Each structure stands twice: as C-alpha cells, then as structure tokens.
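Numbering (the working numbering), first residue to last: 7 to 154. Reviewing the structure listed below.
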Amino acid sequence: MSQALQMFNTVGADQFSRMVCEIAPYFSTITPTLVDIRPQRAEARIPFRKEITNHLGCVHAIALCNAAELVGGIMTDVSLPAGTRWIPSGMTVAYLAKAKTDLTAISDGSAIDWSVPGDKVVPVEIFDTTGKKVFTAQITMNVKSLDS
C-alpha cells in the first residue's frame, strides 16, 4: 500500500487534504477535500469560492487544472506498484461549460496498465453539482522504475 493511501486511511479525508496542501501549497488555492482515494481512483470536492473565479464569475482555468492535477496525481501515486515513481509530463484539457457551483473532480485509472513503466495517460473529469461535466483533462504521467 502506498504511503499516501496509508496516510489517507489513517488520518481521514480532511486532515489528509490539509497535509497535501502543506506539501504542495498551490493546491491550497482551491481548498480541496480528497473524499475517495484508492488504487485506480481518486475523487476531490472543490468548493465554489469568489477567490477562484474569473471575470465571468465561473471557476477559472488554472483552478480547474489544479484540481485535475491533484486527483490525477494522487490516483497515479496510489495505483503504482512498489519500486516506481512518477511525474506529470503534459496535460491536455477541455473546458466544456462554465463552472459556477461546487465541483467534483474524479480520476479513474481502471483502464490503465500500471504494471509496465512508461507514459500513462490519466483521465480526469470535473462535474458541477447538477452532474454536468464542465472540464476534462488527459494528463501524461511518466512512470519509471526507481532504478532509472
């Protein structure tokens, strides 16, 4: 079991989310709560706040990208076999609708073969409170053996 998953299971969603934001402070700008973490899946809630809106009154592009990188990275981390490491090397995004409510960001890695090192394309979807998909991302994660 990964250290991140062990910590999530030990301290709970709220404390774990605060810890992630201390380690990577840029995530704190979106005040996320990681609500579900397990191999091949991560989910976070992002509250709608004026501080993350643009001139149109909707969640700004970089806040959505931060949410995507958070769940995509956590999901990757808890899905990898022991003896491997990862780093994001690219991200393609699509803004599908204005995000004007609290959001749920989900990364589902169930279709990814985690057993072999190399580039893995990690999908992320973000939904508003009505269930409307407002954003998608495909994050390329470079996975390597710790020996590399």
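C-beta atoms are modelled at their ideal positions from N, C-alpha and C, and glycine is treated no differently. Bear in mind the structure is a predicted one, so any value in this text is a computation, not a measurement.
By how many angstroms is the C-alpha of residue j removed from the C-alpha of residue i?
i	j	result
residue 28	residue 83	17 Å
residue 25	residue 9	13 Å
residue 116	residue 47	7 Å
residue 112	residue 75	11 Å
residue 91	residue 79	11 Å
residue 150	residue 34	28 Å
residue 145	residue 125	10 Å
residue 11	residue 59	31 Å
residue 42	residue 89	24 Å
residue 147	residue 99	14 Å
Taking DSSP as the reference, what is the three-state secondary structure of residue i?
i	result
residue 118	coil
residue 109	strand
residue 135	coil
residue 20	helix
residue 78	helix
residue 8	coil
Can you tell which of the options has its C-alpha closest to the C-alpha of residue i?
i	options	result
residue 97	60, 70, 16 and 15	70
residue 123	87, 137 and 107	87
residue 121	75, 44, 85 and 12	85
residue 62	138, 104 and 73	104
residue 142	64, 130 and 109	130
If we count the other Cβ atoms within 10 Å of its Cβ and call it buried at 16 or more, is residue i buried or exposed?
i	result
residue 38	buried
residue 95	exposed
residue 152	exposed
residue 102	exposed
residue 136	exposed
Report back the beta-carbon spacing between residue i and residue j to the nearest angstrom; my notes put them in contact at under 8 Å.
i	j	result
residue 73	residue 118	About 20 Å; that fails the 8 Å criterion.
Mind checking whether the beta-carbon of residue i lies closer than 8 Å to any heavy atom of the ligand SAH?
i	result
residue 131	Absence of the ligand SAH from the depicted structure is noted, as is the absence of any ligand whatsoever, leaving it without description.
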